[in-house]
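Asks: Take the UniProt record's numbering: the last position of the sequence shown gets the number 292, and nothing is skipped along the way. Backbone N, C-alpha and C fix where the C-beta goes; we use that ideal spot for every residue, glycine too. Since this is a predicted model, take the numbers as computed values, not measurements.
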Amino acid sequence: MTTTPAQPTATVRELIRDHYSALTQSERKFAQALLDSYPAAGLASITIVAANAGVSTPTVARMVQKLGFKGYPQFHQALLKELEAKVSGPTQRRANWASEAPATHHLNRFAQAVTQNIEQTFANIDSDRFDRAARDLADTSGRLYVVGGRITRALADYAFTHFQAVRERVTHMTASSATWPHYVLDMAEGDTLLMFDIRRYETNLLRLAELATARGVRVILITDQWVSPIADLARHTFNCWVEIPSAWDSNVSTMMLLEALIAAAQEERWPATRERYERLDELFNATRLFQK
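#1: I need the DSSP call for Y145, collapsed to helix, strand or coil.
#2: Check each candidate in P90, E267, P73, R274 and name the one with the smallest Cα separation from R135.
#3: Under 7 Å between the Cβ atoms of R235 and D191?
#4: Taking R215 as part of the alpha helix (DSSP H), name the residues at either end of that continuous run.
#5: Check each candidate in A85, S26, S45, K29 and name the one with the smallest Cα separation from Y201.
#6: Would a C-beta distance cut-off of 7 Å place A159 and L258 closer than the cut-off?
#7: Pick from F30, L83, H19, R276: whose alpha carbon is nearest that of R169?
#8: Let me know the alpha helix (DSSP H) ranges lying completely inside the segment 139-218, each 4 residues or longer, listed in chain order.
#9: How close, in whole Å, do the beta carbons of S37 and T59 come, if the pair is a contact with beta carbons under 8 Å?
#10: From what residue to what residue does the alpha helix (DSSP H) around T254 run?
#11: Within its chain, find whatever has a CB closer than 7 Å to the CB of K292; leave out the 5 residues flanking it on each side and keep chain order.
#12: Suppose the cutoff is 7 Å on Cβ atoms and the five residues either side in sequence are ignored; what does the same chain contact list for W248 look like?
#13: Determine the DSSP secondary structure at H105, reduced to helix, strand or coil.
#14: I48 bridges to which residues according to DSSP?
#15: What is the DSSP secondary structure of T4, reduced to helix, strand or coil?
#16: Indicate whether A156 and V166 have their beta-carbon atoms separated by less than 7 Å.
#17: What does N117 pair with, by DSSP beta-bridge criteria?
#18: Along the chain, where does the alpha helix (DSSP H) containing N285 start, and where does it finish?
#19: Distance check for F196 and I16, CA to CA, integer angstroms please.
#20: Specify, as a first and last residue, the run of the alpha helix (DSSP H) that T59 falls within.
#21: Where does D186 land, buried or exposed, given buried means 16+ other C-beta within 10 angstroms?
#22: Beta carbon of A53, beta carbon of F30: below 7 Å?
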């Protein structure tokens with residue numbers, strides 16, 4: 001009895017990155033064409049996408065099988081589902097969960113979804129990339145900029161508060177994109193820009209990443225499992241699983257990853273950070289901000 005291969009759960013973009021070293025030169029040509037205009041370049045028929053990429057139809061067929069798909073139709077369907085997930089708003093996301101959620105109490109379903117998100121997120125983090133990102137975040141030879149979007153600006157504010165204690169030369173970019181050119185004006189090669197961008201991805205954040213990378217700024221992106229377009233520009237990209245039984249996505253796994261990066265950056269600078277904490281406590285005592 002033969003079994004039907006399961007459709008891959010990772011995004012097509014992630015599968016391409018995971019299997020890139022195993023692709024032939026012509027297959028890589030198609031892969032790059034797809035990534036350059038993702039996912040639109042793969043939404044036509046196999047003959048059209050092959051012609052647009054300048055490769056043969058068999059090349060496309062072989063590559064999608066290497067990625068784990070039975071054939072091009074399954075590959076095409078996966079891209080369509082990704083596109084639907086990216087553009088779905090709160091109402092549609094709530095409808096999807098309502099039809100698929102098990103018949104248990106909301107608290108249990110919520111806890112299960114969040115736990116799975118955390119496990120999936122941390123299972124897909126490359127430890128070497130994590131360590132390199134932590135070193136960039138701790139590197140005071142350049143300035144650290146932090147920015148978020150409509151929802152993720154709360155994460156950016158949280159990150160700024162902690163990194164400002166961990167190290168010097170930290171700038172929290174305001175939520176208003178109209179002021180961003182003033183920050184970009186002072187950006188220089190060797191600076192680091194920590195960005196948060198989850199679906200629906202914001203065009204102003206992508207443009208900011210383009211301007212920053214053009215000036216030699218290292219971009220660290222924290223995004224979701226569908227991957228913000230900023231990933232094509234980022235030095236380090238971290239994917240967080242965010243779906244929960246709600247009209248909104250969850251930031252629990254995103255917050256856990258952020259806190260892990262903050263802790264790792266702190267260790268990179270210890271004992272200099274310890275001295276900084278001690279001086280900060282002296283200032284808190286002088287201002288009597290906290291109760292004894």
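Replies: So, from the data block:
#1: Residue state, collapsed to three classes: strand.
#2: E267
#3: no
#4: Careful: R215 lies outside any alpha helix (DSSP H) and carries neither H nor E.
#5: A85
#6: yes
#7: Measuring from the Cα of R169, the nearest candidate turns out to be R276.
#8: Here the runs fully enclosed are 153-166, 180-186, 203-214.
#9: Not really, about 18 Å apart at Cβ, beyond 8 Å.
#10: 252-269
#11: none
#12: P90
#13: coil
#14: Paired residue(s): none; I48 is not in a bridge.
#15: With a pLDDT of only 44 at T4, under 50, the local geometry of the prediction cannot be trusted, and no value is derived from it.
#16: no
#17: BP columns for N117 are empty, so no partner.
#18: 272-287
#19: About 23 Å.
#20: 57-66
#21: With fewer than 16 other Cβ atoms from the protein chains shown falling within 10 Å of its own Cβ, D186 counts as exposed.
#22: yes
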